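Q: For the sequence shown, the UniProt record's numbering gives the first residue as 2, with consecutive numbering after it. Glycine residues also receive a C-beta, built at the ideal position from the N, C-alpha and C atoms. All values reported here derive from a predicted model rather than from experimental measurement. Just dropping this structure here.
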Amino acid sequence: DSIKVFAPGTVANVACGFDVIGLAMNAPGDEMVVRRTSQPGIRIKAIHGADLPTDPARNVASVAVQALLQKYDQPDTGIEIEIFKHIHPGSGIGSSAASSAGAVVAVNHLLGEPFTKKQLVRFAMEGERLACGSAHADNVAPAILGGFTLVRSYRPLDITTLHTPAELWVTVIHPQIEVKTSDAREILKQKVLMTDAIRQWGNVGAMVAALYQEDYDLISRSLEDVIVEPIRSILIPAFQELKLRCKEAGALGGGISGSGPSVFMLSKGETNARKVAETMNSVYAPLGVDYKIYVSRV
Ligand code: HSE
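What follows is the structure, given as structure tokens:
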């Protein structure tokens with residue numbers, strides 16, 4: 002009664018889609034081994050590769066599983082979770098989401114799939130609430146459902162998957178500086194200008210159309226965020242130069258991954274995505290900041 006799951010890294014926000022559009026990557030991703038035990042309660046057996054709480058009340062995976070077991074009406078089911086982290090916590094590529102999502106997918110399987118994938122998103126969101134104080138779904142939804150996802154509404158929760166163009170690749174640079182999601186949310190303005198809102202929803206609509214039409218030029222034009230990026234980008238070293246140089250190197254466009262500090266760029270095809278990785282490297286190498294770069298199919 003045990004299962005091993007792969008929990009993918011995710012890019013939330015996807016430029017114009019703050020809190021609503023996310024995408025899943027093939028790599029990096031965490032691995033988790035989840036077992037049913039006769040001893041009641043949830044236990045975090047070990048976490049390899051990161052210094053994270055193993056207290057079940059403070060770990061996102063166990064909190065998400067607890068939400069699932071409550072709904073299943075068997076809160077005393079015995080579950081043991083072992084996590085092999087490959088996604089750096091605080092990277093902006095959905096580290097907490099991967100743990101929450103992987104855990105609920107695994108437990109749902111061990112219980113004989115009583116819940117749909119969309120129902121699992123709601124449980125995983127409880128992990129996000131613990132991680133940053135806000136139960137956003139734009140990382141956990143793509144981590145569970147795969148590809149691109151869109152949150153139409155939070156209340157009631159209404160999530161849909163979007164088409165993923167066949168040749169879409171993502172390149173992510175993770176500067177090893179700390180940006181806390183809770184801080185990155187706190188600095189945002191609570192009101193937006195009507196002119197900015199019009200531009201943003203124009204971009205969101207166009208992005209969705211472009212994904213279905215596999216129209217890479219339209220994807221490129223709609224990868225623009227006039228509301229959140231201007232505020233958050235000041236937290237990321239050389240952000241404007243990075244974006245400009247990546248676009249010159251052939252990227253369709255990109256932005257801040259989740260709440261940062263990672264930055265993502267979308268490209269048509271692997272060759273372009275790897276060229277973008279080289280460009281990211283040449284922008285960041287002189288800065289004296291440690292960083293990691295990932296290239297993955299969406
Ligand atoms: N949409 C969330 C935010 C994602 O940007 O705050 C956090 O990873």
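Tell me whether Ala13, by its Cβ, gets closer than 7 Å to a heavy atom of the ligand HSE.
A: A distance criterion of 7 Å places the beta-carbon of Ala13 in contact range of the ligand HSE, judged by its closest non-hydrogen atom.
Q: So is Leu245 buried or exposed if we call it buried at 16+ other beta carbons inside 10 Å?
A: exposed
Q: Enumerated in chain order, which unbroken segments of the alpha helix (DSSP H) with a length of 4 residues or greater are wholly contained in the segment 48-97?
A: 61-73
Q: Quick one, which of Tyr73, Ala125, Gly134, Gly147 has its alpha-carbon nearest Gly113's?
A: Tyr73
Q: Of all the options Gly79, Thr78, Gly147, Val171, which has the alpha carbon lying nearest to the alpha carbon of Gly103?
A: With distances taken between Cα atoms, Gly103 lies closest to Gly147.
Q: To which residues of the same chain is Phe116 closer than 6 Å at the C-beta, ignoring the five residues directly before and after it?
A: Asn109
Q: For the ligand HSE, is there a heavy atom less than 7 Å away from the beta-carbon of Ala207?
A: no
Q: First and last residue of the alpha helix (DSSP H) that includes Asp31?
A: Note, Asp31: premise wrong, no alpha helix (DSSP H); beta strand (DSSP E) at 22-38.
Q: Just the Cα atoms here: how many angstroms apart are Gln71 and Tyr155?
A: Rounded to whole angstroms, Gln71 to Tyr155 spans 21 Å at the Cα level.
Q: Can you tell me where the alpha helix (DSSP H) with Phe124 in it begins and where it stops?
A: 118-133
Q: Name the residue from Leu69, Gly91, Ala142 whose alpha carbon lies nearest to the alpha carbon of Met26.
A: Cα-wise, what sits closest to Met26 is Ala142.
Q: Throw me the rounded Cβ distance for the Met208 and Cys247 pair, which I believe falls under 8 Å.
A: With 8 Å as the limit, Met208 and Cys247 do not qualify as a contact, their Cβ atoms being about 18 Å apart.
Q: Quick check: what's the CA-CA separation for Leu169 versus Leu69?
A: 33 Å
Q: With respect to the alpha helix (DSSP H) encompassing Val277, which residues constitute its N-terminal and C-terminal limits?
A: 271-285
Q: What separation, rounded to the nearest whole angstrom, lies between the Cα atoms of Ile80 and Ser283?
A: 46 Å
Q: Is Phe240 helix, strand or coil when you go by DSSP?
A: helix
Q: Using 10 angstroms around the beta-carbon of Met195, count the other beta-carbons present and answer buried if the total reaches 16, otherwise exposed.
A: Its Cβ having fewer than 16 others within 10 Å, Met195 is exposed.
Q: Enumerate in chain order the residues of its own chain whose CB-to-CB distance from Ala58 is below 8 Å, with the five nearest sequence positions on each side excluded.
A: Val64
Q: Which of helix, strand or coil does DSSP assign to residue 301?
A: For the chain, the structure presents residues 2 to 299; residue 301 sits outside this window and is missing.
Q: Could you check whether the Cβ of Ala136 sits closer than 7 Å to any heavy atom belonging to the ligand HSE?
A: no
Q: Roughly how far, in whole angstroms, is the beta-carbon of Cys133 from the beta-carbon of Thr182, given that I think they are within contact range, below 8 Å?
A: 4 Å
Q: For a test of your reading of the model: does the CB of Ala104 fall under 7 Å from any non-hydrogen atom of the ligand HSE? Yes or no.
A: no
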